[in-house]
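Notes for the one structure printed next.
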Amino acid sequence: MPKDSGIGASPKRREDVRFLTGNGNYTDDINAHGQAYVHFLRSDIAHGTLNSVDTTAAAAMPGVVRIFTAADFEGVGGVPCGWEITDRHGNAMQEPKHPVLAEGKVRHVGEPIAAVIAESLEQARDAAEAIDLDIEELPAVVDMKAAVAEGSVKVHDDLTSNLCYDWGFVEENREAVNQAFQDAAHVTSLELVNNRLVANPMEPRVAIGEYNRSTDDSKLYTTSQNPHVIRLLMGAFVLGIPEHKLQVVSPDVGGGFGTKIFHYAEEAFCTFAAKACNRPVKWTSSRSEAFMSDAHGRDHVTKIELALDADNNFTALRTDTYANMGAYLSTFAPSVPTWLHGTLMAGNYKTPLIYVNVKAVFTNTVPVDAYRGAGRPEATFQLERVVDKAARELGVDPIALRRQNFITEFPYATPVAVEYDTGDYHATMDKLTEIADLSGFDARRKASVANGKLRGLGVNCYIEACGIAPSNLVGQLGARAGLYESATVRVNATGGLVVMTGSHSHGQGHETSFPQVIADMIGIDEGMIEIVHGDTSKVPMGMGTYGSRSLAVGGSAMVRATEKIIAKAKKIAAHLMEAADADIELKDGEFSVAGTDKSVAWGDVTLAAYVPHNYPLEDIEPGLEETAFYDPANFTYPSGAYACEVEVDPDTGKVSIERFSAADDFGNIVNPMIVDGQVHGGIGQGIGQALLEGCVYDEDGQLLSASFMDYAMPRADDVPFYSVDHSCQTPCTHNPLGVKGCGEAGAIGSPPSVVNAVVDALQSAGKTDVTHIDMPLSPGRIWAALNS
Amino acid sequence: MYNFEFEKPSTVADAVAALAGDEAQALGGGQTLIPTMKQRLASPSKLVSLSGIAEMQGVQREGASLTVGGAVSHADVAAQATDYPALAEMAGHIGDPAVRNRGTIGGSLANNDPSADYPAAALASAATVVTNAREIAADDYFQGMFDTALEDGEIITGVKFSVPQAANYQKFVQPASRFALVGVFVAKHADGVRVAVTGASEEGVFRWSEAEAALDADFSADAIAGLTLDPSDMIGDLHGTKEYRAHLVGVMTKRAVAAAA
Ligand SMILES: Cc1cc2nc3c(=O)[nH]c(=O)nc-3n(C[C@H](O)[C@H](O)[C@H](O)COP(=O)(O)OP(=O)(O)OC[C@H]3O[C@@H](n4cnc5c(N)ncnc54)[C@H](O)[C@@H]3O)c2cc1C
């Protein structure tokens, strides 16, 4: 019998009732009394000198409240970067100023130049058209290798070059790795592109700034995954507002995928302008603006090499990556191709020597930052592609080659600085073999061939580092923040609980899964527990949701706070039953004295806490509310094995995904249905990246894929029914729930198996020279490969 | 969007009069025009809706031809053009349900998007575009990308299709927009085969005359096996090269013939 409540049960998501009935409270649903609207005039050229911005005529247009340009932001900080990378030579990365409104130069299409505030949005747009811009166009640089070549146009004149940093990891291993390559029996190398993506959450970004002149308080409503982080970054670095005078609220948020982690210029603008104009200022991004102002994802160009000995053991791995930063450093951009990517290069394998080089490059494009998986998909993709290619070159079974090199003993210290606590890679591969019916593949291939189609099978493994992250460690690595989480559990007199968590839910279902954990701990009904998140005035502190950290870190904080609650409640119960604290047991919402039939109900104890007539007032305070901060001791390491089966139409090059199977190890599972959903969504995005999505600039820096007419999002009929299994569970050893996180796995684990499958299909048709095709695997690209 | 006046006449004559003013524009289903206006790329001073004109509605069979009113939605053609299944099938695959419920045949043909489906159907069906002023043969109507024989203010009141003996439309979708990356409509009429290609050419919809000649002699997919198109006139963009489009025209034509035969 499946459980119907508590940990391991799959109650339906309670938040879906409001989402699916149109009753969600999204930022754009909020309208402040007397609000004005802002429209940003954005650059339509990629690179140019801003000679003048004449707003005289525009300011006289109907309804205009005020027009802002960079001149209004003198003395105001730039949009900060939250992570500093130290390069191979021990130098700090180059960090250009990121002004709220373009200063002196425009550096990418979509950069805001001026902001018009008016009584209505249409009036603001009308006035923006009347602004007289004098921009002297400069040649743009879009290609990363061209950007770091001698004599390239510079994106930032005050930097020495377009190279943000040249990072080596582990630098001390460099020579040993090179030596291992010289000694290798076989070397497989592969050059590939990890395609640039636009996250495109269903809800575009929105910001509303408010200012209260009588109290001097500022307030920002924003579509963020981490409102406290925005409060800190914007308050401390941009606007100089102390945290106690600034409230940031992120109510229901319609998808984030990483792109809503970052602090954006529009947020700072609305907060600043609300005070300057003394009225609320609202901005709602159009989809077109989102394409050219939301941070993009991925965009790596990589060469990877794998060295093997004569017995096909991996002996060394070497990778060279160019990572696009875009024109400015977005909040966590520098960390993505480095610490979130280099540390994952061991994958599931015991390769003893690894060296990762990453050159981060400025170009005249939209900033690039974390997108679902952030660095880990880029690591997994190149590693699992090169392993597949090696198997093909050596004529060995790709699964056998993987198995032979699996890490089998835990804890395992990789040569790239991290220590995996648990895992069982053979178990997930065994499970995959079963659920994907790999033994039936040959028969399915025959059937496809009889239908005039090519069929391919692609398999890959993945490992990710989630539950981000131990604060002292990330501090050493350059993070300008800690990565703990907080929770306050407030028990009311009548026994209901409110949990204020720093984790933010923007689709993950925390309002359902978090109560399952607490309900189990106390033995009460989940309906008695309410989750509050997304408001800096209600939640003590929060680092937010990303890096599959909510349950592993935020959930752990909640467990710790609940443990404190239970400890105090037991003292109250002991007093009520005239027993010793140590003899009190809590089960099914009842406190009892061990070995007796004495008991008091949860509600009696909570009532006593607030009506302390019979209460140990000399020992403990009334009330029942506790806060805990949890800082993880390590990352968590979810892992798994994925298989994709494709059919390719040789006439058109069109790929259809016939089967997709995922065997994941997420440690313990709280709500299997929600986990399934997270994996489904992640795989959908991974398939999107592999087959459909490509953000493309022309050489002048014009965004060619600037709308859904040209940027292909995956639709329901692009993906198959997935076969998803998470019964392999090696619990995390260092957090109280033994959970690992499941939010990004699907997006990390799926692109390589899709590409491996397509290459397999083409090889099966005798195209043995086709060893790689860059994503997205559009029909045109596959047709060209088939006819190469 | 800029402000505009709005009129909804109930006769073609009133619509023509309303369109006489400067910068007035006809509004069909608005599926192309409204997004363009929202982007501020079009700024008509007046929109004249054609959706309240009874004489522009209806799908009627008259002998060998099927007449579709100029304001009939794609969804209505899909449901009502039962006498011309290939046409109904084509209309049933335009865009998504919302687009099909609003978008109209007149709007599609007036717009003449180089990747739209209706132009291929009209050209292959030797259709006649009927306007408030005249009748225009499809061969004379399409004049290149987004260009037609329509005069300013001229309204498509209906389209007369010659129902072929056999026909089929094959659409290979562009993955983002799901318009045709290449679409080929093949129609076998008593007086010959017509092959109309959309999505592929810089010049908009066109007839592939070599294929028509080959199919006149032998209406089978094999008959066109050896034919190729010159890629230099094709569209090349991020979704497909010129060569790929030229190749797809061949594949889609063969599939359409096989499905129709
Ligand atoms: C998401 C989406 C997907 C789509 N997918 C496809 C697709 O797969 N295939 C495809 O072919 N199309 C597709 N379309 C376009 C759709 O078919 C439109 O409906 C069509 O192009 C325009 O028809 P409309 O009635 O909406 O015209 P409108 O947008 O109202 O008008 C378009 C133009 O035609 C003029 N016009 C309208 N009616 C008449 C008339 N009777 N006489 C003279 N001029 C007139 C207008 O003045 C305007 O210039 C898609 C559109 C969208 C939004």
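Residue numbers (this note's numbering), protein chains in the order written: chain A, 20 to 807; chain B, 6 to 266.
Yeah, the Cβ is synthetic: ideal placement off N, Cα and C, and Gly gets one too.
Discussion item. Based on DSSP bridge pairs, tell me the residues matched to His175 (chain A).
Written reply: Bridge partners of His175 (chain A): none, in fact.
Worksheet item: Using a Cβ-Cβ distance under 8 Å, would Met728 (chain A) count as near chain B?
Response: yes
Discussion item. Please state the DSSP three-state secondary structure of Ala498 (chain A).
Written reply: strand
Item to complete: With 7 Å as the C-beta to C-beta threshold (strictly closer), list the residues of the stretch 170–190 of chain B near chain A in chain order.
Response: Phe177, Pro180, Ala181 and Ser182
Worksheet item: If contact means a Cβ-Cβ distance below 7 Å, which residues of the stretch 254–266 of chain B contact chain A?
Response: Val256
Discussion item. One question on the structure: do Ala342 (chain A) and Val377 (chain A) come within less than 8 Å of each other, judged by their Cβ atoms?
Written reply: Yes; because the gap between Cβ atoms is below 8 Å, this pair is in contact.
Worksheet entry | Beta-carbon gap between Trp802 (chain A) and Gly705 (chain A) smaller than 8 Å | no
Worksheet entry | Where Leu808 (chain A) meets chain B, residues with beta-carbon distance less than 9 Å | The structure shown has nothing for residue 808 (chain A), since chain A only spans 20 to 807.
Discussion item. Output needed for Ala216 (chain B): all residues of its chain with C-beta closer than 7 Å, excluding positions within five of it in sequence on either side, in chain order.
Written reply: Val200, Ile229, Leu232 and Thr258
Worksheet item: Rounded to the nearest angstrom, how far is the Cβ of Phe276 (chain A) from that of Tyr431 (chain A), given a contact under 8 Å?
Response: With a contact defined as Cβ atoms closer than 8 Å, Phe276 (chain A) and Tyr431 (chain A) miss out at about 30 Å.
Discussion item. With a threshold of 7 Å (Cβ to nearest heavy atom), would Ile550 (chain A) be considered close to ligand 1?
Written reply: Here the distance from the Cβ of Ile550 (chain A) to the nearest heavy atom of ligand 1 is not below 7 Å.
Worksheet item: Hey, is Asn116 (chain B) close to ligand 1, as in C-beta under 7 Å from one of its heavy atoms?
Response: yes
Worksheet item: Does any C-beta atom of chain B lie closer than 8 Å to the C-beta of Leu209 (chain A)?
Response: no
Worksheet item: Using a Cβ-Cβ cut-off of 6 Å (strictly less than) and excluding sequence neighbours within five positions of Val493 (chain A), which residues of its own chain qualify?
Response: Leu502
Discussion item. Relative to the C-alpha of Ser237 (chain A), which candidate in A:Arg474, A:Arg61, A:Arg509 and A:Val268 has its C-alpha closest?
Written reply: For the residues A:Arg474, A:Arg61, A:Arg509 and A:Val268, the minimum Cα distance to Ser237 (chain A) belongs to A:Val268.
Practice prompt. Whole angstroms is fine: what's the gap from Asp539 (chain A)'s alpha carbon to Glu545 (chain A)'s?
Written response: 8 Å
Worksheet item: Where does Gln527 (chain A) land, buried or exposed, given buried means 16+ other C-beta within 10 angstroms?
Response: buried
Practice prompt. Could you name the residues that DSSP lists as bridge partners for Cys485 (chain A)?
Written response: A:Thr655
Fill in: Where the stretch 207–240 of chain B meets chain A: residues whose CB sits under 9 Å from a CB there
none
Practice prompt. Could you tell me whether the stretch 177–187 of chain B touches the stretch 722–729 of chain A, where touching means 3 or more Cβ pairs closer than 8 Å?
Written response: yes
Discussion item. Suppose contacts are defined by Cβ-Cβ distances below 8 Å. Is Gly711 (chain A) in contact with Pro733 (chain A) by that definition?
Written reply: Strictly speaking, residue 711 (chain A) in this sequence is Leu, with Gly absent from that position. Result yes, Cβ atoms of Leu711 (chain A) and Pro733 (chain A) sit closer than 8 Å.
Worksheet item: Which residues share a DSSP beta bridge with Leu570 (chain A)?
Response: None, per the DSSP bridge assignment.
Item to complete: Would you please verify whether the beta carbon of Tyr252 (chain B) is less than 8 Å from any beta carbon of chain A?
Response: Here residue 252 (chain B) is His; the residue named in the question, Tyr, does not match the sequence. By this cut-off, His252 (chain B) is an interface position.
Worksheet item: How close, in whole Å, do the beta carbons of His127 (chain A) and Ala346 (chain A) come, if the pair is a contact with beta carbons under 8 Å?
Response: 4 Å
Worksheet entry | Candidates B:Ala103, B:Gly74 and B:Ala195, of which the one nearest Val168 (chain B) by Cα | B:Ala195
Fill in: Of the residues B:Asp152, B:Thr203, B:Met150 and B:Ala131, the one placed nearest Ala143 (chain B), counting alpha carbons only
B:Ala131
Discussion item. Taking 8 Å as the threshold (C-beta atoms), are Val694 (chain A) and Val536 (chain A) in contact?
Written reply: no
Worksheet item: With respect to the alpha helix (DSSP H) encompassing Val778 (chain A), which residues constitute its N-terminal and C-terminal limits?
Response: Ala764 to Ser783
Discussion item. Taking 7 Å as the cut-off, is the beta-carbon of Ala93 (chain B) closer than that to any non-hydrogen atom of ligand 1?
Written reply: no
Worksheet entry | Cα-Cα separation, Pro261 (chain A) to Met547 (chain A) | Taking the straight line joining both Cα atoms gives about 36 Å.
Practice prompt. May I ask you to report which of helix, strand or coil DSSP gives Val98 (chain A)?
Written response: coil
Item to complete: Return the CA-CA distance between Cys289 (chain A) and Asp91 (chain A), expressed in angstroms with no decimal places.
Response: 13 Å
Fill in: Presumed contact (8 Å Cβ cut-off) between Ala137 (chain A) and Gly82 (chain A), rounded CB distance
4 Å
Worksheet item: Are the C-beta atoms of Thr246 (chain B) and some chain A residue less than 8 Å apart?
Response: yes
Fill in: When A:Leu182, A:Val72, A:Thr513 and A:Asp717 are compared against Pro115 (chain A), the one with the closest alpha-carbon
A:Leu182
Worksheet item: Should Arg395 (chain A) go down as buried or exposed, given a rule of 16 or more other Cβ atoms within 10 Å for buried?
Response: buried
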